[in-house]
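S.K.: Got a structure for you, questions after.
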């Protein structure tokens with residue numbers, strides 16, 4: 023009969039963690055719905071119809087076509103609905119957990135792979151965005167795959183891997199306009215790697231590989247660039263409006279840290295404890311140690327897990343993990359090569375370290391230059407999981423080594439006493455930290471169905487209004503123009519309203535035009551109601567649009583944080599900030 027240590031290899035543990043990651047991302051599917059503005063843009067390829075060339079107007083300004091195309095094929099397979107629209111990210115999110123675990127184990131050691139996979143699987147922010155139709159979770163998968171392929175190419179001078187790296191970078195670029203970042207990471211890491219290592223023999227091979235990677239990525243990306251309706255200048259101009267400048271860098275950085283604290287929920291702090299416990303349990307099964315050593319080890323590990331949880335509860339798990347990641351990277355780059363698999367080239371491990379340094383430093387400096395949308399920090403989390411996971415594995419290994427070097431006949435009372443003290447204080451601090459955090463404990467599974475519920479109510483009200491006016495309530499007998507709210511437009515089309523149309527102006531309601539041949543309605547959501555342009559256009563209709571009803575709407579936190587800093591998403595009475603949707607009829 024096999025012993026537990028033979029049943030649970032590192033690969034088995036990582037796969038179990040990946041299964042947990044998939045289950046967490048797919049849990050409570052009834053709370054999943056298209057709600058975010060950009061989600062509506064990406065999910066509306068099929069529902070916009072041939073008159074819009076099967077894409078939401080100006081979609082190219084928001085993202086390249088790969089993400090929307092994959093969503094479109096998912097809808098072809100499973101129907102036009104919310105779950106089909108987010109299925110791409112549910113899959114990509116789970117596969118990212120697998121890739122994180124594999125890369126960390128390949129670069130460093132098995133325990134680092136287990137810890138990194140656990141951190142990714144239990145990341146509240148990553149779980150949240152994996153349950154949306156946004157492009158960020160998918161681009162994280164492509165980026166990590168591309169960076170790993172670049173590492174394989176540069177480490178061993180492998181030109182085949184260079185081509186693969188270029189293709190993966192191209193796919194990343196097809197998903198998001200900053201998808202070229204693996205190229206920047208590869209080049210930025212190669213320079214110090216070659217300089218510090220003083221390895222002239224690698225210089226020529228590395229340059230050749232980089233040229234192949236960059237050229238291949240450019241070739242793969244070129245069709246997307248060539249087919250941009252207004253050229254890349256229009257995309258760049260659109261993105262420039264979201265730059266905040268150096269003067270607001272500290273403010274934006276602080277807001278992003280608060281965003282993380284609010285959105286990670288309870289799973290942020292708990293992910294650190296889980297990583298410690300899983301790595302500790304795996305080490306326990308793999309090592310032959312005395313009962314006394316295991317007791318001492320248990321108390322120290324528990325103290326470490328609770329201590330990290332307490333620190334994360336007071337700040338945010340990403341802050342604690344980033345600090346640990348930076349310290350571990352500095353320690354290994356400056357003092358000695360990182361622990362590596364027996365058949366691994368130490369220079370290759372050093373390249374991995376430089377890649378993580380370039381990735382973390384580059385995004386830490388540049389992300390706060392952009393409007394503080396929480397989702398744009400997802401690519402920053404990936405290297406934090408990798409280096410932070412390696413740091414946690416290093417801490418656990420240090421505890422075991424200390425226990426092995428000082429065996430005693432019984433578990434030291436002093437060890438148990440100070441560990442118990444840390445645990446008691448840590449638990450108290452953790453509870454206090456959660457009380458101080460204004461976010462939901464389970465933010466990752468917060469309901470996103472607010473607009474979907476309103477869409478159903480709007481459909482019922484419109485059809486009742488038509489019946490009262492003596493008309494036919496068939497879904498192809500009335501027009502609903504949806505002003506600047508693509509997610510609401512998607513929800514109406516999902517309900518079968520065939521003549522729901524995206525609108526960016528009110529020309530159809532200008533005075534002097536003939537009365538409509540079909541009952542015509544206008545829906546204006548939060549984005550329109552915040553716009554002075556909409557109010558001006560509404561005034562120009564000279565009363566032709568009659569307000570029928572206003573629907574209160576409670577957005578989820580990740581939508582509110584696009585418009586408000588974390589401290590403003592709750593009202594004075596502690597209730598969630600509300601938006602509204604207005605229904606008008608054209609007369």
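Numbering (the working numbering), first residue to last: 23 to 609.
Virtual Cβ for every residue (Gly too), placed ideally from N, Cα, C.
#1: Excluding five sequence neighbours on each side, which residues of the same chain lie with their C-beta closer than 7 Å to the C-beta of residue 186?
#2: Are the stretch 544 to 551 and the stretch 504 to 523 in contact at 8 Å, needing three or more beta carbon pairs?
#3: Taking the alpha carbon of residue 337 as the point to measure from, which residue in 36, 385 and 280 has its own alpha carbon closest?
#4: Cβ of residue 301 within 9 Å of Cβ of residue 143?
#5: Between which two residues does the alpha helix (DSSP H) containing residue 181 stretch?
#6: Assuming contact is defined by CB atoms lying nearer than 9 Å, are residue 139 and residue 161 in contact in what I supplied?
#7: Of the residues 499, 520, 293 and 128, which one's Cα is nearest the Cα of residue 538?
#8: When the Cα atoms are used, what is the spatial distance from residue 348 to residue 409?
#9: Contact between the stretch 38 to 54 and the stretch 145 to 159 is defined here as three or more beta-carbon pairs at a separation below 8 Å; is this criterion met?
#10: For the stretch 128 to 155, list the alpha helix (DSSP H) runs that are entirely contained and at least 4 residues long, ordered along the chain.
#11: Would you tell me roughly how many angstroms separate the C-alpha atoms of residue 192 and residue 526, rounded to the nearest one?
#12: Which residues bound the beta strand (DSSP E) around residue 367?
#13: Would you report the Cα separation of residue 608 and residue 544, rounded to the nearest angstrom?
#14: From this set, 205, 587, 32 and 175, which residue's C-alpha is nearest residue 306's C-alpha?
#15: Once the 5 residues before and after residue 488 are set aside, which same chain residues still bring their CB inside 8 Å of it?
#16: Could you name the residues that DSSP lists as bridge partners for residue 542?
#17: Can you round the beta-carbon distance between residue 390 and residue 243 to whole angstroms, since I take them to be within the 8 Å contact cut?
#18: Straight-line CA distance for residue 277 to residue 497?
#19: Using a Cβ-Cβ cut-off of 7 Å (strictly less than) and excluding sequence neighbours within five positions of residue 168, which residues of its own chain qualify?
#20: By a C-beta neighbour count over all protein chains shown, 10 Å radius and 16 as the cutoff for buried, is residue 213 buried or exposed?
#21: Consult DSSP for residue 604 and reduce its assignment to one of helix, strand or coil.
#22: Where does the unbroken beta strand (DSSP E) through residue 525 begin, and where does it stop?
#23: Using CA coordinates, which residue listed in 52, 37, 36 and 60 is at the minimum distance from residue 653?
#24: To the nearest angstrom, report how far apart residue 480 and residue 573 are at their CA atoms.
#25: Okay, do the stretch 126 to 133 and the stretch 413 to 422 touch, 3+ Cβ pairs below 8 Å being the bar?
M.R.: Quick answer:
#1: 171
#2: yes
#3: 280
#4: no
#5: 181 to 197
#6: no
#7: 499
#8: 8 Å
#9: yes
#10: 132 to 143 and 146 to 152
#11: 32 Å
#12: Per DSSP, residue 367 belongs to no beta strand (DSSP E) and is neither H nor E.
#13: 7 Å
#14: 32
#15: 494, 495, 499, 500 and 541
#16: 501
#17: Wrong, their Cβ atoms sit about 27 Å apart, outside the cutoff.
#18: 44 Å
#19: 187, 190, 191, 194 and 204
#20: exposed
#21: strand
#22: 522 to 525
#23: The displayed coordinates of the chain run from 23 to 609. Any statement about residue 653 would go beyond what the structure contains.
#24: 9 Å
#25: yes
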